[in-house]
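Notes to accompany the following structure.
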Amino acid sequence: MKKPYDLTADYQPAAFTFANKKAVEEAIARYPEGQQASAVMPLLWIAQRQHDNWIPRAAMDEIAKILSMPPVKVYEVASFYTMYNLAPIGRYHVQCCGTTPCWLRGSERVMAACAEAAARAPDGLFTVSEVECLGACTAAPVLQVNDDTYEGLTPASAKELMALLEQGIDPKAGDKQ
Amino acid sequence: MPKLTIDGVEVEVEPGTSVLQAAEALGVEIPRFCFHDRLSVAGNCRMCLVEISPGPPKPVASCCLPAADGMVVKTDSPMVREARAGVMEFLLMNHPLDCPICDQGGECDLQDQAVGYGAGRSRYTENKRAVAEKALGPLIKTAMTRCINCTRCVRFAEEIAGAPVLGQFHRGEDAEIGTFIKAAVATEMSGNMIDICPVGALTSRPYAYRARPWELTKTPSIDVHDALGANIRVDSRGREVLRILPRLHEGINEEWIDDRTRFACDGLAERRLDRPWVRGADGRLRETSWATALTAAARGLAGRDVAALAGDLADVEAVVALRDLMDELGSPHRDCRVDGAVFDTSQRSGWLMNAGVAGVDEADILLLVATDPRREATVLGARIFRNWRERGLPIAVIGPAIDAPYGYDHLGDGPDALDRLARARTGFAKTIKGAQNPMILAGMSAFRRPDGLAVHRALHEAAQKFGATFNMLHTAAGRVGALEVGFVPGPGGMDCAGILRDAKALISLGAEVSAPKGCFTVYIGHHGDVGAAGADVVLPGSAYTEKDATYVNTEGRPQRAVRAVAPPGLAREDWTIVRDLAAALGKPLSYNDISARIEAAWPHLARWDTVEPAPWGPFGTAGPVDRVPFAAPKDAYYHANAICRASPTMARCVVAFRAPNSEEAA
Ligand code: SF4
Ligand code: FES
Ligand code: FES
């Protein structure tokens with residue numbers, strides 16, 4: 000499970016600065032003059048990649064400042080999308096698809112297998128969450144670990160996958176069948 | 000201009016009008032939750048579905064569909080009825096249906112529209128979701144499980160109040176309204192969210208569980224907490240005022256009121272003077288009868304040079320009676336500027352908001368002099384904010400910096416900045432010289448100083464030079480009315496400062512001031528505050544909800560407050576107290592009908608809700624202005640007058656919203 004967000008928790012850093020100023024400028028430049036607020040999504044994404052795969056409150060406030068919008072508007076966007084993590088998250092974010100095609104092909108059992116493996120693993124290694132369609136329905140059931148997709152899973156292959164990850168071995172992404 | 004047919008009737012509308020508004024113009028009702036005339040269009044509740052042809056064979060949300068030429072709209076076809084019943088069923092799916100314990104019951108859009116358009120029963124058998132309450136301060140009570148996520152409150156906070164701290168977070172079933180972080184909704188307009196929330200999610204905390212709407216007597220009246228004269232509705236039951244709601248007046252408050260206007264009404268039941276009091280030989284005030292009190296007052300005043308002050312909440316009727324009494328007594332010592340403001344009263348345009356409250360919408364540049372509209376006239380502040388937000392109104396401030404939702408240029412702290420502005424050629428000076436409708440808005444702090452008359456003249460000159468309208472923003476509801484009837488020092492008379500220094504006898508019409516030592520003081524008023532505490536005779540008067548009375552707002556608009564409840568105990572209407580006091584002094588007033596007296600002498604004050612324009616002419620006295628910075632406007636928003644100071648709700652607000660530099664003590 001994802002941790003629930005807590006914007007006042009003590010793990011929140013006091014300040015945040017973008018490491019890659021150029022990427023930020025490029026993202027903003029993609030939108031027409033006066034519409035800079037549109038860059039809120041790419042900026043949130045850049046912040047998340049920079050900061051251990053989660054977005055601290057300081058980063059959202061910094062983005063609000065850069066794009067001159069009220070901070071609350073940034074919080075709205077960040078909380079709407081499941082791809083943004085607002086609390087610390089495991090090294091491997093295991094996102095199991097639970098939408099109909101995957102569900103018909105047994106995603107519930109795959110998810111249960113992942114959750115069980117994650118529960119046994121040391122803290123901070125895995126965060127398992129259910130997501131909507133990952134766009135790879137032809138190979139259902141599907142899950143995504145950080146940037147890679149793993150397809151055609153069974154509970155057994157999911158377990159195997161989790162075991163490899165736990166040992167720090169990078170499993171080959173793609174079809175498992 | 001697009002011409003369309005709605006339910007078989009053809010109508011032509013302005014381009015850009017939505018189908019919903021076009022139907023409204025025809026008198027065809029389309030149910031809605033998220034749409035609100037004065038907010039941006041969100042289009043998220045789907046209650047306003049209609050059938051459109053030509054177009055896809057599915058219902059369309061009419062609030063966000065611009066009317067187009069040749070459109071044929073059906074608002075009551077079987078398809079529409081079924082679609083609305085469906086939307087209603089979805090909205091009610093997670094709604095707790097707790098109407099019997101909900102304060103919105105009886106005035107709830109959701110209730111009404113469920114009856115009018117709903118299917119009558121639900122097919123939903125799962126568990127309903129529950130949403131945690133949100134801490135929105137001492138004024139708003141939340142029951143967020145009832146929220147239908149229309150986002151009206153979110154848009155209000157951002158677009159009208161200028162406090163963008165509310166938002167809608169998460170998604171789908173988890174979507175909820177809140178502040179996300181711990182943030183106060185710091186606005187003096189928050190009570191309006193209670194009105195615009197179409198369900199019982201946001202309700203009034205002080206009014207919680209007090210009454211049902213159908214038990215209340217509704218009296219249309221006028222507010223007195225600032226000098227705008229917002230139109231209000233007083234809801235009362237028996238002798239108790241239970242709540243105050245806004246009433247539409249496009250020229251003043253539109254459909255908003257500020258929190259003081261709305262929530263200070265519980266102060267009307269506290270610390271009231273409900274019987275006469277006379278100070279005995281031992282120096283203590285004792286309750287007594289009217290006859291004894293009037294005799295005591297007459298005895299104390301007789302043979303002395305009597306002065307008179309009209310306080311901030313004095314109505315025109317009482318002031319006229321008092322003025323006539325002073326004339327009978329032959330005393331020129333009278334004043335209504337009890338906050339110590341000094342300005343020239345000879346020229347009407349010198350003390351009115353000449354451009355009018357609605358004039359703010361037309362202004363293309365605004366100069367604020369020693370005023371903080373957000374706290375001195377909140378609803379006016381909202382108009383300024385709207386002009387700034389929608390049309391980029393350039394704003395500059397002379398005087399202490401203010402905490403406002405709009406951006407502004409800070410030109411300086413004292414009157415010398417006016418001089419600098421007149422000589423400058425760049426920046427704000429350049430903009431103001433090129434503007435069509437420049438507006439200067441000066442607050443009372445600009446005149447609460449020894450060189451007030453010179454500042455007044457300097458402002459006149461600035462207005463001349465820039466072709467700007469001069470606007471005085473009063474803060475006291477009774478002030479302009481008193482100025483209209485000339486309640487200012489007569490020839491050789493003392494002004495407020497003089498009276499408070501040298502008067503030997505004083506009649507105070509609700510002036511919350513301390514009389515000089517040894518001065519015999521008769522206080523006529525409704526609350527036991529500073530004024531009553533130091534008086535020798537206290538005559539109990541009526542508050543604004545307890546009398547039919549005239550108030551003139553800062554733009555010079557006379558309006559009528561209407562008696563909603565009876566005054567408490569032995570208290571009486573103020574002007575009749577003055578009349579009886581005059582009789583006791585052996586100088587009876589020559590009339591019994593105060594309205595006729597006012598109409599004869601000041602006919603424009605009897606033309607209610609009409610502003611008599613003031614001819615422009617010189618005011619103020621030429622002279623050196625001090626370089627001393629203007630003092631900060633009195634930041635006593637929640638404690639501005641005796642009613643607020645008696646209000647438990649206002650006391651809670653002081654604690655909750657205490658500003659760092661505020662004069663207000665908890
Ligand atoms: S609290 Fe009321 S106004 Fe705000 S979104 Fe919910 S239903 Fe709408
Ligand atoms: S439904 Fe699982 S990837 Fe599309
Ligand atoms: S009123 Fe049209 S969608 Fe809500």
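Protein chains in written order, with numbering that gives the first Met the number 0: chain A, 0 to 176; chain B, 0 to 665. All C-beta atoms in this analysis are idealised placements derived from N, C-alpha and C, irrespective of residue type, glycine included. These figures come from a predicted structure and were not determined experimentally.
Supposed contact pair residue j and residue i - C-beta distance, whole angstroms, cut 8 Å
i, j, result
"B:T370", "B:P632", "6 Å"
"B:L508", "B:G310", "6 Å"
"B:I195", "B:R151", "5 Å"
"B:A162", "B:A185", "6 Å"
"B:R690", "B:L244", "Residue 690 of chain B lies beyond the range of chain B shown here (0 to 665); nothing can be said about it."
"B:A340", "B:R447", "5 Å"
"B:D476", "B:Y550", "In the sequence as presented, Asp is not what sits at residue 476 of chain B; that position holds Ala. Between B:Y550 and B:A476 the Cβ distance is about 5 Å, and since that is below 8 Å, they are a contact."
"B:V396", "B:L379", "That belief does not hold up - the Cβ atoms of B:V396 and B:L379 are roughly 15 Å apart, past 8 Å."
"B:V561", "B:V240", "That belief does not hold up - the Cβ atoms of B:V561 and B:V240 are roughly 12 Å apart, past 8 Å."
"B:I5", "B:L25", "6 Å"
"A:C101", "A:V141", "6 Å"
"B:A306", "B:L482", "18 Å between Cβ atoms; not a contact."
"B:R261", "B:G199", "Not confirmed; about 17 Å, so no contact."
"A:A22", "A:R29", "A:A22 to A:R29, Cβ: 11 Å. No contact."
"B:Y116", "B:A156", "About 29 Å; that fails the 8 Å criterion."
"A:P113", "A:M161", "With the sequence shown as reference, residue 113 of chain A is identified as Cys, and Pro is not the correct amino acid for it. Between A:M161 and A:C113 the Cβ distance is about 6 Å, and since that is below 8 Å, they are a contact."
"A:V130", "A:Q94", "4 Å"
"B:A531", "B:G524", "6 Å"
DSSP beta-bridge partners of residue i
i, result
"B:F469", "B:I439"
"B:P699", "Outside the displayed range of chain B (0 to 665) lies residue 699 of chain B, so it cannot be described from this structure."
"B:T48", "What sits at residue 48 of chain B in the sequence shown is Leu, not Thr. B:A60."
"B:H526", "B:R271"
"B:G166", "B:G177"
"B:M352", "B:N470"
"B:V701", "Summary: the structure shown does not reach residue 701 of chain B, with chain B confined to residues 0 through 665, and so no result is reported for it."
"B:L308", "B:D334 and B:S507"
"A:S128", "A:Q94"
"B:L538", "B:I523"
"B:R278", "B:L284"
"B:V484", "DSSP output for B:V484 lists no bridge partner at all."
Rounded separation between residue i and residue j - CA only
i, j, result
"B:P331", "B:L308", "11 Å"
"B:Q167", "B:P404", "21 Å"
"B:H248", "A:S128", "53 Å"
"B:M46", "B:C62", "9 Å"
"B:T344", "B:V487", "8 Å"
"B:E663", "B:C643", "With a pLDDT of 43 at B:E663, under the threshold of 50, the predicted position of this residue should be treated as unreliable, and no value is reported."
"A:R147", "B:M143", "Before going further, note that residue 147 of chain A is Asp rather than Arg in the sequence given. Each residue's Cα considered, the two are about 39 Å apart."
"A:E32", "B:G15", "25 Å"
"A:I168", "A:A117", "16 Å"
"A:Q11", "B:G42", "36 Å"
"B:L417", "B:I394", "14 Å"
"B:G451", "B:G349", "12 Å"
"B:Q346", "B:E316", "22 Å"
"B:N660", "B:A635", "With a pLDDT of 45 at B:N660, under the threshold of 50, the modelled position of this residue cannot be trusted; read the value that follows with caution. Approximately 10 Å between the Cα atoms of the pair."
"B:G489", "B:L321", "14 Å"
"B:K140", "B:M0", "45 Å"
"B:S646", "B:T377", "19 Å"
"B:A60", "B:M87", "14 Å"
"B:G697", "B:I431", "Look at the range of chain B in this structure, 0 to 665, and you will see that residue 697 of chain B is not part of it."
"B:L109", "B:L90", "9 Å"
Exercise for the section: May I ask you to list, following chain order, the residues of the stretch 145–174 of chain B that have a beta carbon less than 8 Å from some beta carbon of chain A? Expected result: Only E157, P163, V164, L165, G166, Q167, F168, H169 and R170 from the stretch 145–174 of chain B bring a Cβ to less than 8 Å from some Cβ of chain A.
Practice task
Would you list, in chain order, the members of the stretch 5–35 of chain A that have their beta-carbon closer than 9 Å to a beta-carbon of chain B?
Solution key: Result list: L6 and T7.
Exercise for the section: Residues of the stretch 45–73 of chain A with a CB closer than 8 Å to any CB of chain B: list them in chain order, please. Expected result: Only R56, P69, P70, V71 and K72 from the stretch 45–73 of chain A bring a Cβ to less than 8 Å from some Cβ of chain B.
Practice task
Note down, in chain order, all residues in the stretch 74–92 of chain A with a beta-carbon under 7 Å from any beta-carbon belonging to chain B.
Solution key: Among the residues of the stretch 74–92 of chain A, those with a Cβ less than 7 Å away from any Cβ of chain B are Y74, E75, S78 and F79, in the order of the chain.
Exercise for the section: Kindly provide the ranges of any beta strand (DSSP E) runs that are 3 or more residues long and lie completely inside the stretch 542–579 of chain B, ordered along the chain. Expected result: Taking only runs of at least 3 residues, the beta strand (DSSP E) segments lying wholly in the stretch 542–579 of chain B are 548–551 and 557–560.
Handout entry: Inside the stretch 368–414 of chain B only - beta strand (DSSP E) runs reaching at least 3 residues
Key = Correct list: 394–397 and 408–411.
Practice task
Report the residues of the stretch 177–206 of chain B with a CB closer than 9 Å to any CB of chain A, ordered along the chain.
Solution key: Residues of the stretch 177–206 of chain B whose Cβ lies closer than 9 Å to any Cβ of chain A, in chain order: T178, F179, I180, K181 and A182.
Exercise for the section: Return the chain-ordered ranges of every beta strand (DSSP E) run that is complete within the stretch 183–255 of chain B and spans a minimum of 3 residues. Expected result: Secondary structure remark: continuous beta strand (DSSP E) runs of at least 3 residues inside the stretch 183–255 of chain B, in chain order: 201–203, 216–221, 230–236 and 239–245.
Exercise for the section: Taking only runs that begin and end inside the stretch 18–56 of chain A, name each unbroken alpha helix (DSSP H) of 4 or more residues, in chain order. Expected result: Counting only runs of 4 or more, we get 20–28 and 39–49.
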